[in-house]
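Those protein sequence lines, which keep their order, are chains Z and X.
Just remember that this note's numbering sits 2 ahead of the position in the first sequence, which is counted from 1.
Just remember that this note's numbering sits 31 ahead of the position in the second sequence, which is counted from 1.
Glycine is no exception: its CB is placed at the ideal position from the N, C-alpha and C atoms.
Keep in mind it's a predicted model, so treat the numbers as computed, not measured.
Everything below concerns the one structure shown next.
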Amino acid sequence: MSSKRHSILPPVSSSGPKAPVSFSSSITIADSAILTGTSLITISSESVVHPRAKLDSLAGRVTIGRRCVVHERTTLGAIGTTGKVTEHAVTLGDYVTVEVGASIEAGNTIIGEGTTVGVACKIGAGAVIGKNCTLTPHSEIAAGETIPDNTVVYSNGLRRPDRRGVADLRNKGQTRQIDVLRRMIPSNPAKFTA
Amino acid sequence: MAPLEPYTYIQCPCSDFSPLGQPADASSPTSAEEEEEEHTFDPRAPRSNFGLYPLEYLLYCEDCHQIRCPRCVAEEIVTYYCPSCLFEVPSSNLKSEGNRCTRSCFQCPICIGPLSVTSLESAPPDPNLLSPDQGGIPHTTYCLTCSYCNWSSTEIGIRFDKPNSIHAQLAKIRNGGETRLTAKERKERRKELSSHRGGGHAAAVAAAAAAAAASEEAEVVDLETQFANLKSFYNRQLADPNASENSLSTLGDLGFSSPSSLSRIMNLYTGGRLNDTRTKSRLGIMREAYTPSEGLLVANLDESDAIAKLHQTTLEDTSSMDQLMAQPPNLGEPQLHGEACFASSLRPIPYLLRTKRSKRCPVCRHIISKPEAKIQNTRFRIRLVAGSYMPSISIKRLSLPGANGSSSSLVAGDFLEPFKPVHFVLTFKNPIFEPLKVTLGTPAKTPGRFPSKVTVLCPTFDIDANTDVWDEALKDNDRESSVRNTDGSGSSSRRQRAGTVGESGQFQVEAGKVWGRGRNWVSIVVEVVPASLQLRNKDDVLKEDEDILEIPMFVRIEWEVEGGGDDDVSGQSAAGRSGAGTGEQKEKRELAYWCVLGLGRIKQ
């Protein structure tokens, strides 16, 4: 490993203190996920954390609800430009999907149940996103903004209500996806709890 | 400001008013040259904006031996196709069904993303329904959904019974799910009506008309329906012999309601079908429509409904101008006074068809670009690109090691210092299989407010033919040894530096000699002394991009072709042998054009 590295920076995985965690027994968390910080990181039952996802609890607690999927290279609890220290940094409800490269900044940010945060989205500190919302790729939510339930954010910040009413179907799809992911991703929660 | 990548633009002769526009005449090169000197091409003139193209944009006519730009070719449509399903649409369908895809390809009315057909279970979904092995649900409906903005046609109340031929189904459904009469059904209904009339019983006719009017009044009249109603009404009027009994026939020839002017207008629409002698000879006045079934549309000026709705909605619920523009015309469009102003009344947009086009030379009508007719195939049958007929010019900033201290760190896009001479290497690459003779001409000072001095150190040179790479490789052994013998400096075998080695061991640029030479390329040096961008008056301002140092350069290339099949130089086409002379004697060809070299920005 060390012979392959050409960067003089220390590896990302070893930066920062090791975070205290509270895991449900049924979660799937990849070996190479990065959990740092000083506050508690809670992951509820049947959630999946992909490799190289970064959960940072330096600015407060990070809580992930049930049956969430956190994809690669996402950052939950980033300090970023607007992040600030609060008791709860980031809270994800149940059935939330955070797609590749998205960044959710710390500061009492709440993502509601059944919401999909698209690829490379940026969510500012203190934003409150309602239930069953969809943020299309590269959407940006300003700090402190409130997005009502069933909203689609698309095309550089345009918004429209989602009237399909497929939340139940989506949640079922999520359950099935988690079933597959559980077989695909070798889970190693012991690395973080130890 | 971002530094500038050097560029070469070539002027198409079509934008020029000089004799260059005509095919070059090899017999009188001097006279053309003299005329050229009278006006130097100014790359900043407003006219130049429309005549300068990168080499890649240009085509070449083999018969006229001229450059052709996208502006001066004649285009012909080869095929029409849908960009979504790549289905070729015959041009006969185009006339009857319009320029949109009539299969199941739709764009989202909100975000123009592609829509896909998804099935909707009519039964409330229970947990087991998602499993793929259930297909025996008796009544499945379908809707169009956008996977990007999550729009679904259920939002405007449109569901489909079957997953295919969505276009035909959509034409029958009004927003909200009510059915709508198609043109064909309307015609049938009218036929019924006229058969009643044919019976001759006045009371029966009146009753039938009233019934029809009542039924159609219940239906909202959209623009298409109104047009069809009006059209059939006027057709009936023209055909009706009773109309001429009207007593006001003396006024008949005036105004819009006169049959003669009306039949003329109808002829415009229907393409002369009504142009029979009977209607022409008949005079008489016609009445206007006065029921909705005849096409009368009372303006609905009461907009309180829309205003009340606006009070309950936000700005995001109204449709934007772009969304309205993208709506297909006449497809269930509401009447003029009730135009869709809410996003909830927008309909899916059938994809606009696209075309594949072939290009012809405007002078000799020969095809210079022709795509493959099959939609899936992106290749071209004929494509005479200019890049395979004329030398490409690439520009590199020359940094002479040791000439001045800082020059080693020069990058091509760096700013140019005023009054400090800089050298650029221009590399001409010959694409044709004949040796080229190149003559360059530039004005001594660039045109414009800030004249920079330009010197081409070697304005005349020859480029070797673009021979086969393998020939070259096989010959290389002999040549390498010869190069070693003559020059002995151990430089690469392909490159012969013409610059002499100075006393301190560095290369120096020498006038009249080429800088480098290879199999089919020659590079020369241009010396430029950039002007200062000091403005004389305080009120003057630097115009946009006026700090770019652009050199107009006149390029004349000459080559010889053998009489015979030598014209297919690029190997792309065997067409265009008309230029070949008789017998085996050599024929001289030449091509002359202006080009513009953008070298970089001058430091302010």
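**Report entry** Spatial neighbours of Z/THR138 in its chain, beta-carbon cut-off 6 Å, leaving aside the 5 residues before and after
**Finding:** For Z/THR138, where only same-chain residues beyond five positions count, the Cβ hits under 6 Å are GLY120, TYR156.
**Report entry** Neighbourhood of X/GLU636 by C-beta distance below 7 Å, restricted to the same chain and skipping five residues each side
**Finding:** What the structure shows of chain X is the stretch from 32 to 635, and residue 636 of chain X is not part of that stretch, so it cannot be assessed.
Query raised in the report: DSSP three-state call for X/SER419: helix, strand or coil?
Result: Here X/SER419 sits in helix by DSSP.
Query - For Z/ILE31 and Z/ALA145, the rounded distance between their alpha carbons - result: Straight-line Cα distance between these residues: approximately 29 Å.
Requested in this report: Name, going along the chain, the residues of the stretch 121 to 146 of chain X whose beta-carbon falls closer than 8 Å to a beta-carbon of chain Z.
Outcome: Shown in chain order are the members of the stretch 121 to 146 of chain X whose Cβ falls below 8 Å from a Cβ of chain Z: ILE141, CYS142.
Query - When X/CYS95, X/LEU35, X/PRO74 are compared against X/PRO476, the one with the closest alpha-carbon - result: The sequence given here has Lys at residue 476 of chain X, not Pro. Taking the Cα of X/LYS476 as reference, the smallest distance to any Cα among X/CYS95, X/LEU35, X/PRO74 is reached at X/PRO74.
Report task. Return yes when the Cβ of Z/THR40 is within less than 8 Å of the Cβ of Z/LYS56, no when it is not. Result -> Contact flag unset, no.
**Report entry** Local Cβ density within 10 Å of Z/GLY79, reported as buried at 16 or more and exposed below that
**Finding:** Buried is the call here.
Query raised in the report: Which residue's Cα is closest to the Cα of Z/THR195: Z/ARG162, Z/SER9, Z/ASP33, Z/ALA104?
Result: Closest option to Z/THR195, judged by alpha-carbon separation, among Z/ARG162, Z/SER9, Z/ASP33, Z/ALA104: Z/ASP33.
Query raised in the report: Whose C-beta lies closer than 8 Å to the C-beta of X/VAL540 among residues of the same chain, with five residues either side of it excluded?
Result: Cβ within range, chain order: LEU429, LEU431, HIS454, LEU488, GLY530, TRP546, VAL556, GLU558.
Query raised in the report: Within 10 angstroms of its Cβ, does X/TRP501 collect 16 or more other Cβ (buried), or is it exposed?
Result: Around the Cβ of X/TRP501, a 10 Å sphere holds fewer than 16 other Cβ atoms; the residue is exposed.
Requested in this report: Quick one: using the 10 Å Cβ neighbour count with 16 as the cut-off for buried, is X/GLY326 buried or exposed?
Outcome: The residue in question, X/GLY326, is buried, as its Cβ has 16 or more Cβ neighbours within 10 Å.
Query raised in the report: By Cβ distance below 8 Å, which residues in the same chain neighbour X/ASP192 in space, the five residues on each side in sequence not counted?
Result: Around X/ASP192, the same chain offers THR172, TYR173, GLN200 as residues with beta carbons nearer than 8 Å, after the five sequence neighbours per side are excluded.
Report task. Could you name the residues of chain Z that X/ASN181 contacts, counting a contact when the two beta carbons are closer than 7 Å? Result -> Here the neighbours are THR136, VAL154, ASP164, ARG166.
Requested in this report: Would you tell me roughly how many angstroms separate the C-alpha atoms of X/PRO583 and X/CYS92, rounded to the nearest one?
Outcome: One C-alpha to the other measures close to 24 Å.
Query raised in the report: With distances taken between CB atoms, is the gap from X/SER554 to X/LEU457 smaller than 8 Å?
Result: Cβ distance < 8 Å, so X/SER554 and X/LEU457 count as in contact.
Query raised in the report: Hey, how far is the Cα of Z/SER141 from the Cα of Z/PRO188?
Result: Distance between the alpha carbons of Z/SER141 and Z/PRO188: 31 Å.
Report task. Measure the CB-CB distance between Z/LEU94 and Z/CYS123 and report whether it falls below 8 Å. Result -> In terms of Cβ geometry, Z/LEU94 and Z/CYS123 do not form a close pair [threshold 8 Å].
**Report entry** Segment contact flag, the stretch 122 to 138 of chain X with the stretch 398 to 417 of chain X, C-beta cutoff 8 Å, min 3 pairs
**Finding:** Flag = no, the stretch 122 to 138 of chain X and the stretch 398 to 417 of chain X do not touch.
Requested in this report: Indicate whether the contact test is met: 3 or more Cβ pairs, each with one atom in the stretch 176 to 195 of chain X and one in the stretch 135 to 144 of chain X, closer than 8 Å.
Outcome: Touching, yes.
Query raised in the report: So what does DSSP say about X/ARG378, is it helix, strand or coil?
Result: Taken through DSSP and simplified to helix, strand or coil, X/ARG378 comes out as coil.
Report task. May I ask you to list, following chain order, the residues of the stretch 184 to 207 of chain X that have a beta carbon less than 9 Å from some beta carbon of chain Z? Result -> Those residues of the stretch 184 to 207 of chain X that come within reach of chain Z (Cβ to Cβ, closer than 9 Å) are THR185, GLU186.
Query raised in the report: Per DSSP, what kind of secondary structure is X/ALA259 in: helix, strand or coil?
Result: Helix, per DSSP.
Report task. Closer than 8 Å by beta-carbon distance: list the chain X residues that pair up with Z/SER189, in chain order. Result -> Result: empty, since nearest Cβ-Cβ is about 25 Å, beyond 8 Å.
Query raised in the report: Helix, strand or coil: how does DSSP classify X/ARG385 here?
Result: DSSP places X/ARG385 in strand when its eight states are reduced to three.
**Report entry** Amino acids of chain Z, ordered along the chain, whose beta-carbon sits closer than 8 Å to that of X/GLU209
**Finding:** For a Cβ distance threshold of 8 Å, nothing in chain Z lies close to X/GLU209: the least Cβ distance comes to about 19 Å.
Query raised in the report: From which residue to which residue does the beta strand (DSSP E) around X/TYR454 run?
Result: Sequence check: residue 454 of chain X is His here, not Tyr. Counting along the chain, X/HIS454 sits inside the beta strand (DSSP E) bounded by residues 453 to 460.
**Report entry** Host alpha helix (DSSP H) of Z/ASP181 (start-end)
**Finding:** Run containing Z/ASP181: 169 to 186, per the alpha helix (DSSP H) assignment.
Query - Residue range of the beta strand (DSSP E) that includes X/ASP493 - result: Per DSSP, X/ASP493 belongs to the beta strand (DSSP E) from 491 to 494.
Query raised in the report: By DSSP, does Z/SER59 sit in helix, in strand, or in coil?
Result: Z/SER59 carries a strand assignment under DSSP once its states are collapsed to helix, strand and coil.
Query raised in the report: When you check each C-beta in the stretch 335 to 348 of chain X against every C-beta of chain Z, which residues fall closer than 7 Å?
Result: From the stretch 335 to 348 of chain X, only GLU347 have a Cβ closer than 7 Å to chain Z.
Query - Inter-residue Cα distance where the pair is X/SER350 and X/PHE258 - result: Going by C-alpha positions, X/SER350 is about 25 Å away from X/PHE258.
Query raised in the report: For X/PHE450, does the count of other Cβ atoms within 10 angstroms reach 16, so buried, or fall short, so exposed?
Result: It counts as exposed.
Requested in this report: Check the C-beta distance from X/HIS96 over to X/ARG620 and give it rounded, since I have them as a contact under 8 Å.
Outcome: Contact between X/HIS96 and X/ARG620 holds, with the beta-carbon distance rounding to 6 Å and staying under 8 Å.
Query raised in the report: In the DSSP assignment, what residue or residues form a beta bridge with X/TRP625?
Result: Bridge pairing for X/TRP625: X/PHE585 [DSSP].
Query raised in the report: Between X/VAL148 and the rest of its own chain, which residues show a CB-CB distance below 7 Å, the 5 nearest in sequence each way excluded?
Result: Take X/VAL148, set aside five residues on each side of it, and the residues of its chain with a beta-carbon closer than 7 Å to its own are SER135, TYR173, LEU175, PRO194, ILE197, in chain order.
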